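Numbering (the numbering used here) for the sequence shown: 43 to 448.
Note that CB positions come from ideal geometry on N, CA and C, so glycine has one too.
The model shown is predicted, which means the values in this text are computed figures rather than measured ones.
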Amino acid sequence: MSENETARGKWHPETLAIRTGIHRSPEKEHSEALFLTSSFVFDSAEEAAARFAGTSPGNIYARFTNPTVRALEERLAALEGAEDCVATASGMAACLTTFMGCLQAGDHIVASRSIFGSTVQLLQNILSRFGLETSFVALDDLEAWRRAVRPNTRLLYLETPSNPLTEVGDIAALAALARDQSAILVVDNCFCTPVLQQPLALGADLVIHSNTKYLDGQGRTLGGAICGRKELLSGPRNFVRTAGPSLSPFNAWVQLKGLETLALRMERHSHNALALAQWLEQRPEVARVYYPGLSSHPQQALAARQQRLPGGILSFDLRDGQAAAWALMDAVEIFSRTANLGDAKSTITHPASTTHARVSVEARVAAGIGDGLLRLSVGLEHVDDLRADLQRGLEAAAAARPEPSV
Ligand SMILES: *Cc1c(COP(=O)(O)O)cnc(C)c1O
Numbered sequence: 043m044s045e046n047e048t049a050r051g052k053w054h055p056e057t058l059a060i061r062t063g064i065h066r067s068p069e070k071e072h073s074e075a076l077f078l079t080s081s082f083v084f085d086s087a088e089e090a091a092a093r094f095a096g097t098s099p100g101n102i103y104a105r106f107t108n109p110t111v112r113a114l115e116e117r118l119a120a121l122e123g124a125e126d127c128v129a130t131a132s133g134m135a136a137c138l139t140t141f142m143g144c145l146q147a148g149d150h151i152v153a154s155r156s157i158f159g160s161t162v163q164l165l166q167n168i169l170s171r172f173g174l175e176t177s178f179v180a181l182d183d184l185e186a187w188r189r190a191v192r193p194n195t196r197l198l199y200l201e202t203p204s205n206p207l208t209e210v211g212d213i214a215a216l217a218a219l220a221r222d223q224s225a226i227l228v229v230d231n232c233f234c235t236p237v238l239q240q241p242l243a244l245g246a247d248l249v250i251h252s253n254t255k256y257l258d259g260q261g262r263t264l265g266g267a268i269c270g271r272k273e274l275l276s277g278p279r280n281f282v283r284t285a286g287p288s289l290s291p292f293n294a295w296v297q298l299k300g301l302e303t304l305a306l307r308m309e310r311h312s313h314n315a316l317a318l319a320q321w322l323e324q325r326p327e328v329a330r331v332y333y334p335g336l337s338s339h340p341q342q343a344l345a346a347r348q349q350r351l352p353g354g355i356l357s358f359d360l361r362d363g364q365a366a367a368w369a370l371m372d373a374v375e376i377f378s379r380t381a382n383l384g385d386a387k388s389t390i391t392h393p394a395s396t397t398h399a400r401v402s403v404e405a406r407v408a409a410g411i412g413d414g415l416l417r418l419s420v421g422l423e424h425v426d427d428l429r430a431d432l433q434r435g436l437e438a439a440a441a442a443r444p445e446p447s448v
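Listed below in structure tokens is the structure:
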């Protein structure tokens, strides 16, 4: 075992997030170096030939490797407890790279119905044209996963907790199902980050990230990553090198700096979200709150087993539907009206008219995404200020209630 690997085994996430993946240049800079270069030079014709032949280590071209991108890959691998990591240009590039790198025409995928909208579109409308078929099932219905599996099922795919209703998937149980099937289990760990949940330790084969969210943490850059065993990542790495959804070194550098504060941020996101969830649950305007940290959450015990903390995302249903939800959204002053999440800034979204507007009304209602549902990504502002902002919003929602007919 190398010295670095021994350190990874001993260190806590807080330390891994700050101290892994550091390769200082001869200048001995303290902060991580940004190698803003698309290509690298060779000392001789012979050296060039050796690099291309793979007999001499070193960088050739930034679509293949770049030291700043590599530093981020090493740090994310350490945090996820993975052997290796492949960085990509965005979270969706990580999804595409996983499917293209691990599957072939004729393969079948079973995916949770409650996954990111663009991932659904990618599977349903794009990869289906290239011979990859997907069955969608309810995240928390293990029997449905078992029934959906076929002899050619090669990949199971989920996010947990889900967006926006925070349903929780049983990673260990689905990993066992995947193993029985000689399929791989892929978990999009975007909502929890490795600080709160480590799917590989629960038996998953690959973890996907949208670095755009909590890993950057301040809404500056796009990025993605895939973590897992080196051998399983050889297909995805080759896809990135050849097809080109590579992460920009500048974005990798921003995300490396973001990771230094990840553990601190995730604790505060969770702390603030729990306080708001508990408070919202007591409010008469609110019909229901969805948050894995509440005792009213049907899977609180499972969430507590596989997550260190419940996380920063919560949703709630207003009794008076869309008029109330829109009135609340328009009345808040701190929460940003934007679909992004995982930012230091708190955000508020009306899923039925934005992120889930392309879903048919019947499918949306069947999925439990009603017109009165609002999703919060709870940020790092003071929780008292956030609560006061929602109080103002709830008063506006109450005033928007239609007059009872006489
Ligand atoms: C945002 C998001 C993605 C896509 O990531 P991009 O960086 O926007 O491409 C994938 N999965 C989840 C859960 C997300 O929230």
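- Per DSSP, VAL401 lies in no alpha helix (DSSP H) segment and is marked neither H nor E.
- Inter-segment contact for the segment 187-204 and the segment 228-246 is present: three or more beta-carbon pairs are separated by less than 8 Å.
- Counting C-beta pairs with one atom in each stretch, the segment 324-331 and the segment 286-296 have fewer than three that are closer than 8 Å, which means they do not touch.
- Between the beta-carbon of THR176 and that of GLN163 there is about 11 Å, and that puts the pair past the 8 Å contact cut.
- In this structure, the CA atom of ILE157 is about 16 Å from the CA atom of SER402.
- Distance from the C-beta of THR380 to the nearest heavy atom of ligand 1 is not below 7 Å.
- With three or more CB-CB distances shorter than 8 Å, the segment 176-187 counts as touching the segment 142-152.
- Considering only HIS398, GLN341, PHE77 and GLN260, the residue with the shortest C-alpha distance to GLU302 is GLN260.
- At a Cβ-Cβ threshold of 8 Å, LEU181 and GLU209 count as neighbours.
- Taken from the Cβ of LEU264, at least one heavy atom of ligand 1 lies inside 7 Å.
- The beta carbons of ALA124 and LEU242 sit closer together than 8 Å.
- As the crow flies, the alpha-carbon of LEU428 is around 12 Å from that of LEU436.
- Proximity of the segment 86-99 to the segment 241-256 falls short of the contact definition, fewer than three beta-carbon pairs being nearer than 8 Å.
- Taking every protein chain shown into account, the CB of SER388 has 16 or more other CB atoms within 10 angstroms, so this residue is buried.
- By the C-beta density criterion, VAL420 is buried, having at least 16 other C-beta atoms within 10 angstroms.
- In this structure, DSSP gives VAL237 a helical state, which the three-state scheme calls helix.
- For GLY143, the enclosing alpha helix (DSSP H) starts and ends at 133-144.
- Its Cα nearest to that of VAL374, the residue ILE390 stands out among ALA386, ILE390 and ASP359.
- With respect to ALA394, ASP413 sits close: the two C-beta atoms are nearer than 8 Å.
- Setting aside the 5 residues that flank it on each side, ALA442 is surrounded in the same chain by ALA365, ALA366 and ALA369, each with a C-beta closer than 6 Å to its C-beta; the list follows chain order.
- Note that the segment 338-349 does not touch the segment 218-226; fewer than 3 beta-carbon pairs, one per stretch, sit closer than 8 Å.
- Between SER288 and ARG105, the C-beta spacing is below 8 Å.
- Rounded to whole angstroms, GLY100 and THR397 show a C-alpha spacing of 43 Å.
- For SER312, the enclosing alpha helix (DSSP H) covers residues 304-323.
- The DSSP-derived three-state label of VAL111 is helix.
- By alpha-carbon distance to GLY245, the top candidate from PHE141, ASP212, GLY266 and GLN433 is ASP212.
- For the pair GLY410 and GLU122, the Cα-to-Cα distance works out to about 32 Å.
- Beta-bridge partners assigned by DSSP to VAL425: none are found.
- For the options LEU422, GLU69 and ALA186, the alpha carbon positioned closest to that of LEU306 is the one of LEU422.
- The nearest non-hydrogen atom of ligand 1 is less than 7 Å from the C-beta of SER132.
- Per DSSP, the unbroken beta strand (DSSP E) holding PHE178 starts and ends at 175-179.
- As a beta-bridge residue in DSSP terms, LEU418 pairs with LEU356 and ILE390.
- By the Cβ-count criterion, LEU78 is exposed, with fewer than 16 other Cβ atoms from all chains shown falling within 10 Å of its own Cβ.
- When the beta-carbon positions are compared, LEU336 and GLN349 stay at least 8 Å from each other.
- Beta-bridge pairing by DSSP links GLU201 to ASP230.
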